[in-house]
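Residue numbers (numbering that gives the first Met the number 0): 0 to 126.
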Amino acid sequence: MPEDLIRDLYAAFGDRNEERLRTLLAPEVVWNQCEGFPGGANRRGPQDVLDGILGKNSELWNDFRAEIDEYLPSGNTVVVLGRYSGTHSKTGKSMRVAFEHVYRVRDGQVIRFDQITDTAPMVAAMN
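Here it is, written out as structure tokens:
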């Protein structure tokens, strides 16, 4: 079930379980973070996702978390509503922002991720 796969993906990110993440991300995964997201980019392939997400978030934020409010599955697509939170590693300022994640799943793996979030509170915490 796509929703179960996405729940597993969030757990693996939370545990920083790179081995598990590699099994959940398709070799051709496309990972699109929204424009203006600190450290964000359009990424291709599991290694690029792991380097950019696990590595970059750890550099920028202490205790970075994605808190899930709701999963909205529809066929092979799962929309996830939630909030990011964390404290910027240099300024010590905290942020909490809403997000929407859209996942597309095929053959038991994530093939595409698209992110929508209000980046202004994140940028403000960095200054």
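No residue lacks a Cβ here, since even glycine has one placed at the ideal position from N, Cα and C.
- Sorting Val48, Gly13 and Glu18 by C-alpha distance to the C-alpha of Asp113 places Val48 at the top.
- Positions of the alpha helix (DSSP H) runs, each at least 4 residues long and wholly inside the stretch 26 to 52, are given as 45 to 49 in order along the chain.
- Ranked by Cα distance from Gly81, the options Pro120, Ala40, Ala65 and Pro72 are led by Ala65.
- Comparing C-alpha distances from Glu18 to each of Glu58, Leu59, Gln46 and Ser88 shows the shortest one belongs to Gln46.
- Secondary structure of Gly85 (DSSP, three-state): strand.
- Under the DSSP definition of a beta bridge, Tyr102 partners with Val77 and Phe112.
- DSSP places Thr22 in the uninterrupted alpha helix (DSSP H) bounded by Glu17 to Leu23.
- Under the 10 Å beta carbon count, Ala119 is surrounded by fewer than 16 other beta carbons and is classified as exposed.
- Counting only residues of its own chain and dropping the five nearest sequence neighbours on each side, Asp117 has a CB closer than 7 Å to the CB of Val96 and Ala97.
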